[in-house]
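In what follows, a single structure is set out as structure tokens and then discussed.
In the UniProt record's numbering, the protein residues as written are 1 to 202.
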């Protein structure tokens, strides 16, 4: 990956063709679009941050929420995390993440499911890349993140300025210029920020 040269991923070569084709075909089956086939800006930003700041994950239990390709979990394990687990609602994402972990010779576990209404996971750190692009999802995710932080879990977000980013709850840590698939974004370089989420004080 250009922004995380330490990591290799299986990604789609013909991005727009795959996106349109799979959206049409799997949409008929009620499945999600193929987010797992691309390294989105938020995840790339988080992965770079983790690799550059290994103390954030070193010997800690890490959860990659909405893991997609598994990029952030892989980066965390490379940076010395004690354990890494990724979750996603898309079974194809889980298959892709497992292949990518194997490609990079790291041990990480991945499971399909929506954990936003589940009990608090037994982890120390949670990473969320590019999860605030939809209003309903953003609301659900923020409720879940509040539950995590109330349990003492640190939460980090990577985001290139999606529409429903809860800016008032975020402390900016760094900014990157991330190369992305221009056909799927509005530019080939996305200004992407990494944040730490603050607890709700209201």
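From the three backbone atoms N, C-alpha and C, an ideal C-beta is built for every residue, glycine too.
Considering only residues of the same chain and omitting the five flanking positions on each side of residue i, which have a CB-CB separation below 7 Å?
i: residue 48; result: 3, 4, 176
Taking 6 Å as the limit between beta carbons, can you name the residues of its chain near residue i, skipping five residues before and five after?
i: residue 40; result: 130
i: residue 161; result: none
i: residue 91; result: 112
So, residue i versus residue j, is the Cβ gap smaller than 8 Å?
i: residue 178; j: residue 44; result: yes
i: residue 99; j: residue 10; result: yes
i: residue 51; j: residue 75; result: yes
i: residue 143; j: residue 123; result: no
i: residue 156; j: residue 132; result: no
i: residue 57; j: residue 93; result: no
Select from the options the residue whose C-alpha is nearest the C-alpha of residue i.
i: residue 81; options: 93, 63, 147, 105; result: 63
i: residue 95; options: 84, 109, 164; result: 109
i: residue 115; options: 93, 101, 150, 66; result: 66
Might you give, ordered along the chain, the residues of its own chain that have their beta carbon closer than 8 Å to the beta carbon of residue i, omitting 5 neighbours on each side?
i: residue 189; result: 177, 178, 179, 180
In whole angstroms, give me the CA-to-CA distance for residue i and residue j.
i: residue 61; j: residue 77; result: 10 Å
i: residue 137; j: residue 105; result: 32 Å
i: residue 19; j: residue 8; result: Summary for residue 19: the model assigns pLDDT 46, below 50, so the residue's position carries little reliability, and this model does not support an answer.
i: residue 170; j: residue 195; result: 6 Å
i: residue 29; j: residue 89; result: With a pLDDT of 46 at residue 29, under the threshold of 50, the modelled position of that residue is not reliable, and the figure given next carries that caveat. Answer to the nearest angstrom: the Cα atoms are 15 Å apart.
Beta strand (DSSP E) runs wholly inside the stretch 43-94, at least 3 long, in chain order: 61-65, 83-88
Every unbroken beta strand (DSSP E) within the stretch 104-173, with a cutoff of 3 residues, ordered by chain: 109-112, 125-129, 154-159
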